[in-house]
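Asks: So the sequence lines, in the order shown, correspond to chains F and G.
Quick note: the first sequence uses our numbering, first residue 1324, plus one each step.
Quick note: the second sequence uses our numbering, first residue 1324, plus one each step.
Shown below is the structure under consideration.
Protein chains: 2
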Amino acid sequence: MPPLDEFGLIRVWTEGRQSKEKLAIAGVTLGIGDDTAIAGGTPGQEWLLTMDTMVEEIHFRNDTMSEYDVGFKAIAANISDIAAMGGLPKLALVSVSVPFQWDEQRMKLLFDGLYACAEQYGVVIVGGDTTSAPQHLVVSVTLIGSVETGKAIRRSGARPGQFIFLTGPTGLSAGGLHYLLARGAVELSSPQSVNHAPIHLIHAHQRPTPSVNAGRILLEKGWGTSLNDVSDGVASEAWEIAEASEVKLILNESQLPISGELAKYAHDNDINPLDWVLYGGEDYVLLGTADKEHEQGMKEHFRAEGIPLFIIGEVEAGKPDVVMETAAGATKPIAKQGYNHFSKG
Amino acid sequence: MPPLDEFGLIRVWTEGRQSKEKLAIAGVTLGIGDDTAIAGGTPGQEWLLTMDTMVEEIHFRNDTMSEYDVGFKAIAANISDIAAMGGLPKLALVSVSVPFQWDEQRMKLLFDGLYACAEQYGVVIVGGDTTSAPQHLVVSVTLIGSVETGKAIRRSGARPGQFIFLTGPTGLSAGGLHYLLARGAVELSSPQSVNHAPIHLIHAHQRPTPSVNAGRILLEKGWGTSLNDVSDGVASEAWEIAEASEVKLILNESQLPISGELAKYAHDNDINPLDWVLYGGEDYVLLGTADKEHEQGMKEHFRAEGIPLFIIGEVEAGKPDVVMETAAGATKPIAKQGYNHFSKG
């Protein structure tokens, strides 16, 4: 069976199972198919519901992430889905399935990471489950956020003439993972061990920071017309927006942000950094679209808030597609390819 | 590390992490420690939040449950937690981590089971995650239910003088599992293969039916003062009520319901059926307490509704304890022992 992360085969088994009428009766505004579902809530506020799972040997290994990192990132990945709707993260449920050989100290570190990330983003953990596992750690998190009724930023709002933006550079997490797989675990708190290591790339992979503030600005100002978090890579997220909005996205190669550390590390390892920028996942910045009339105001506001904003292309009419224009004026197709940590499958 | 299911070590890593003030600000009425958390909701209604995980080799094996069964039971187990609060199940998120060797047909059967149980109980699946797994299937479900504000039936309301009840016989699921482990998989739809098999026990194990109607009656009539679903066995659930309510529970051996099929199967296999009745899990009937003045009314109402009701003991003042009085008048301690499917650890 092909890797499920990559092709999103879940649609095959879920689509058409429940009627629109049934969803409406249950108070569901948006079901499967965006970063979160939208359902219920208090007056003036809707609830955003999302669930993300991390599996040992699929999303992390002992030599790429500590127990603390796994806990932290499991919460962060879910918060990022809430951020991608313009919402505020609120409540979490956490399920951990723990291999028999684990001792209590490893469990404590995992929970330290879970609660540290929750604390940092004002999330309260209200429940969950803890079970044994025969061999591999699995951490599932359900996150509930809130958003002003009718205001959530969906994937389907991109329109021709709008520009495409990123709220930070991408590819860092993939570069960090490359280093960890090549050199083994790094203890970031030990200066000796990180000599010459690309510490920002490693940090981006192990302790990602979801873009809640950027998402809130895009919602509150009414700027974001479509939005995704870059969990599966820029290419994959751009394709999701193109398909949901039924438009063509044109990325401008010379405008894609590449961090200096990533460029250097890629060069030293004879890798084209654009591969990571376009196809590396788990950077948790936001990719979205906005009207051109707001471009100047957005740039000024994001600069004042200290949040990066990169204009990387524009939306055209046409059947769903994503392409890249090179500096030389050529047009390259962008593959609908997701992120696969260890290229298994 | 001891089996986590058994000792609920999660408390060690979760208690005291978040202040009561913080929970209150987040709109959390009840946090970790009951069948569900209680938080948020619409006016007049609170939301019940629960999450339960099933892991291959821990909770099921290929020879004890089909893919369809696993999907069905993963939803049913979560619905049972909502029932144990007197609530109505509403929305689900589902995460499945699927071994590489699975084909699409197995996936389809798993999702058939998930959606069949959801459909049967009026639950809408609004999202989730699908990932690969290196070896073992893991299914996590988050279920959101609703309950009238302030009315949820907690574990902590048992008081001296009240009686203890069960809404159905227990031990069936454990008996069914015993058969499956001894004889291998049974195809219930094939009459030849089920000759002499204890089909109700097998069915109880593979396709359990959560007690939503019983829970609703106990809440709507104001009868239930404490309530648990029998997911970990009568002994374990009784201990949870005793500790949360700070009372002593006295179970009457001669009043414990034993189904005829269970008694026969246990006898044929030289097993004391009481071991399954007290320590077998996953029967998903409800164990609770009520005031004696309501005993007659409850009996009549449950009979009219076609739902079993067994009075099995009474609550006394005293430090948290669970004991059993035998027909001969002796008192036996009941161990605080949970259910462990395959006795691994």
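For glycine and all other residues, C-beta sits at the position ideal for the given N, C-alpha and C.
Please classify Leu-1609(F) as buried or exposed, where buried requires at least 16 other C-beta atoms within 10 Å of its C-beta.
Replies: buried
Asks: Got a sec, what are the start and stop residues for the alpha helix (DSSP H) Gly-1620(F) sits in?
Replies: 1618 to 1628
Asks: Please list the terminal residues of the continuous beta strand (DSSP E) segment that includes Gly-1611(G).
Replies: Start and end: 1609 to 1613.
Asks: Answer with buried or exposed for Ala-1415(G), where buried requires no fewer than 16 other C-beta atoms within 10 angstroms of its C-beta.
Replies: buried
Asks: CB Tyr-1602(G) to CB Gly-1556(G), shorter than 8 Å?
Replies: Yes.
Asks: Quick check: the Cα distance between Gly-1689(F) and Ala-1475(F), rounded to an integer number of angstroms?
Replies: There is simply no residue 1689(F) to check, as chain F begins at 1324 and stops at 1668 in what is shown.
Asks: Can you grab the Cα-Cα spacing for the pair Ile-1381(F) / His-1664(F), in whole Å?
Replies: 7 Å
Asks: Consider the Cβ of Arg-1530(G): report whether some Cβ of chain F lies at a distance smaller than 8 Å.
Replies: no
Asks: Roughly how many whole angstroms lie between the Cα atoms of Pro-1412(G) and Gly-1480(G)?
Replies: 22 Å
Asks: Could you give the DSSP three-state label for Trp-1370(F): helix, strand or coil?
Replies: strand
Asks: Do you know how far the Cα of Met-1647(G) is from the Cα of Ile-1355(F)?
Replies: 49 Å
Asks: Per DSSP, what kind of secondary structure is Val-1553(G) in: helix, strand or coil?
Replies: coil
Asks: Please specify which runs of the beta strand (DSSP E), each continuous and at least 3 residues long, are wholly inside the region 1444 to 1485 of chain G, giving them in chain order.
Replies: 1447 to 1456 and 1461 to 1471
Asks: Identify, in the order they occur along the chain, each residue of the same chain with its Cβ nearer than 6 Å to the Cβ of Thr-1454(F), setting aside the five sequence neighbours on each side.
Replies: Within the same chain, Thr-1454(F) has close Cβ partners Ser-1420.
Asks: Counting contacts by CB-CB distance shorter than 8 Å, is Pro-1285(F) in contact with chain G?
Replies: Beyond the ends of chain F as shown, which are 1324 and 1668, falls residue 1285(F); an answer cannot be given.
Asks: Can you tell which of Pro-1631(F), Arg-1340(F) and Glu-1616(F) has the C-alpha that lies nearest to the C-alpha of Gly-1538(F)?
Replies: Pro-1631(F)
Asks: Taking only beta-carbon atoms, is Val-1447(G) less than 8 Å away from chain F?
Replies: yes
Asks: Quick check on the DSSP output: what are the complete beta strand (DSSP E) runs of length 3 or more inside the region 1569 to 1602 of chain F, in order along the chain?
Replies: 1571 to 1575
Asks: For Ala-1520(G), report the span of its beta strand (DSSP E) as first-last.
Replies: Segment: none, Ala-1520(G) is in no beta strand (DSSP E) and carries neither H nor E.
Asks: Assuming the contact rule is C-beta atoms closer than 8 Å, Phe-1488(G) and Ala-1627(G) should be a hit. Round their C-beta distance to whole Å, please.
Replies: Ala-1627(G) and Phe-1488(G) do not touch by the CB rule: their CB atoms are close to 16 Å apart, not below 8 Å.
Asks: Does the separation of the CB atoms of Val-1638(F) and Arg-1482(F) fall below 8 Å?
Replies: yes
Asks: Out of Trp-1370(G), Gly-1620(G) and Lys-1345(G), which one is the CA nearest neighbour of Gly-1468(G)?
Replies: Trp-1370(G)
Asks: Here's a check: name, in chain order, each residue in its chain whose Cβ is nearer than 6 Å to the Cβ of Pro-1492(G), leaving out the five neighbours to either side.
Replies: Pro-1580 and Ser-1582
Asks: Which residues in chain G sit within 7 Å of Lys-1413(F), going by Cβ to Cβ distance?
Replies: Ala-1349
Asks: The region 1374 to 1386 of chain F: which residues have C-beta closer than 9 Å to a C-beta of chain G, in chain order?
Replies: Met-1374, Asp-1375, Thr-1376, Met-1377, Val-1378, Glu-1379, Glu-1380, Ile-1381 and His-1382
Asks: Note the first and the last residue of the continuous beta strand (DSSP E) segment covering Ile-1361(G).
Replies: 1360 to 1362
Asks: Below 8 Å between beta carbons: does that hold for Ser-1463(G) and Thr-1376(G)?
Replies: yes
Asks: Return no unless some Cβ of chain C is closer than 8 Å to the Cβ of Ala-1475(F).
Replies: Reference to chain C is not applicable here, since the protein chains of this structure are F and G.
Asks: With a cut-off of 8 Å on the beta carbons, I'd call Gly-1641(G) and Lys-1571(G) a contact; round off their distance for me.
Replies: 4 Å
Asks: What separation, rounded to the nearest whole angstrom, lies between the Cα atoms of Lys-1667(G) and Ala-1399(F)?
Replies: Note that Lys-1667(G) has pLDDT 39, beneath the 50 cutoff, so the model's placement of it is unreliable and the number below is only indicative. So the alpha carbons of these two residues sit roughly 33 Å apart.
Asks: Starting from the C-beta of Gly-1363(F), find all residues in its chain whose C-beta is less than 6 Å away, skip the five residues before and the five after it, and write them out in chain order.
Replies: Cβ neighbours of Gly-1363(F) beyond the five flanking positions: Gly-1350 and Trp-1370.
Asks: With distances taken Cα to Cα, identify the nearest neighbour of Gln-1424(G) among Glu-1623(G), Leu-1460(G) and Gly-1604(G).
Replies: Leu-1460(G)
Asks: Nearest to Phe-1625(G) by alpha carbon, out of Ala-1651(G), Asn-1536(G), Glu-1566(G) and Ile-1348(G)?
Replies: The option with the nearest alpha carbon to Phe-1625(G) is Asn-1536(G).
Asks: At the 8 Å Cβ level, is Leu-1610(G) part of the contact set with chain F, yes or no?
Replies: no
Asks: Distance, Cα to Cα, Asn-1551(F) vs Gly-1445(F)?
Replies: 22 Å
Asks: Quick check on Gly-1636(G): does DSSP put it in helix, strand or coil?
Replies: strand
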